[in-house]
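Heads up: the sequence shown begins at 110 in my numbering, then just goes up one per residue.
C-beta atoms are modelled at their ideal positions from N, C-alpha and C, and glycine is treated no differently.
For reference, the structure discussed in these notes is given below.
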Amino acid sequence: MSDYILEARGVTKRFGGLVAVNRVNFTIERRTIAGLIGPNGAGKTTFFNCLTGLYKADEGEIIFDGKYSLIGVPPDRITALGISRTFQNIRLFGSMTALENVMVGTHCRTKSNMIDAIFHTPRYRREEAWARKRALELLEYVGMADAADEVATSLPYGYQRRLEIARALATEPKLLLLDEPTAGMNPNETEEMTDLIRRLCDDLGLSILLIEHDMRVVMGISDKVSVLDHGELIAEGTPEEVQKNPKVIEAYLGTVGTEQAAEARRRGRDD
Ligand SMILES: Nc1ncnc2c1ncn2[C@@H]1O[C@H](COP(=O)(O)OP(=O)(O)OP(=O)(O)O)[C@@H](O)[C@H]1O
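Put into structure tokens, the structure is as follows:
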């Protein structure tokens, strides 16, 4: 068995003349947390979208679980192979309850078809009972069993983010991709989310790839951190190694420098 749950080689994605992801080589070891960072527009989400089949990489190879090539494979098939994700902007089924949202995730593991659903066949009833039980277990796991019957949009923000994770878990992934899981959270919610992500890896044995702008979070929980800048992988290593890497410091200082220059120009105009 390959040591890697995911191996990407030479992955390139272009939008017209813009090379959003440029010949990226990237691996994730099984049962580890990999952090992906980089300034705004570095290509992180585009790379995620190539892994989950939302975009087809123009070049390169992506191998999942040591044996499946993912290039050109549609998103639902990739989910069935064992990759699940959450989004930068929460994408729940707003009018459905928390429980129903998670049950949707379980359906990629059930066999009932539309006819079964219309006629409520024994298979459909059996699978629905299983899906409900599994969804409740997952809600409990992410610490929100008490909110099972609440409508998704009425839930506090931190709950909505955890609900997304429960729904992703319902597809029974081996690899979970989290796009800014702590974005917009207060310190308490951030800590709870960080604990949950660590448990997913340590207790459930999942491999995790997360994009995260909060450096304390990403440096605190990642086994390995990779840095994208202008679509290229500029550094990779332990959190300590990456934080000391001059290329990384330059990439981030470059951003800060630009923001400071813009602020100075603004102030100049205001004076
Ligand atoms: N669908 C698209 N069509 C055209 N250009 C795109 C598309 N998606 C992303 N881009 C461009 O590709 C580059 C990389 O964007 P991407 O969203 O992947 O960066 P990111 O690192 O995720 O940024 P952020 O941290 O701000 O979310 C940017 O220049 C962006 O404008």
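Set against 7 Å, the gap from the CB of Thr-154 to the closest heavy atom of ligand 1 is smaller.
Within a 10 Å sphere around the beta-carbon of Thr-291 sit 16 or more other beta-carbons, which makes this residue buried. For Phe-202, the secondary structure class from DSSP, reduced to helix, strand or coil, is coil. Boundaries of the alpha helix (DSSP H) harbouring Arg-186: 184-190, taken from the DSSP string. The beta carbon of Gln-197 sits closer than 7 Å to at least one heavy atom of ligand 1. The C-beta distance from Glu-321 to Gly-144 rounds to 6 Å, short enough to fall under 8 Å. Here DSSP, grouped into helix, strand and coil, assigns Thr-136 to strand. When secondary structure is reduced to three states using DSSP, Ser-331 falls in the coil class, being assigned neither helix nor strand.
If you look at Lys-153, you'll find it in the alpha helix (DSSP H) that goes 153-160.
According to the DSSP secondary-structure assignment, Gly-147 is paired through a beta bridge with no residue.
A straight line joining the alpha-carbon of Arg-271 with that of Val-251 spans about 6 Å.
Beta-bridge pairing by DSSP links Ser-178 to Ile-172. Per DSSP, the unbroken beta strand (DSSP E) holding Lys-122 starts and ends at 113-124.
Secondary structure of Glu-321 (DSSP, three-state): coil. Taking one beta carbon from each stretch, the region 185-200 and the region 131-144 have fewer than 3 pairs nearer than 8 Å; the two do not touch. Annotation for Met-302: Pro-290, Thr-291 place their beta carbon closer than 6 Å to its own, counting only its chain and skipping 5 residues before and after.
In the three-state scheme derived from DSSP, where H, G and I count as helix and E and B as strand, Leu-264 is classed as coil.
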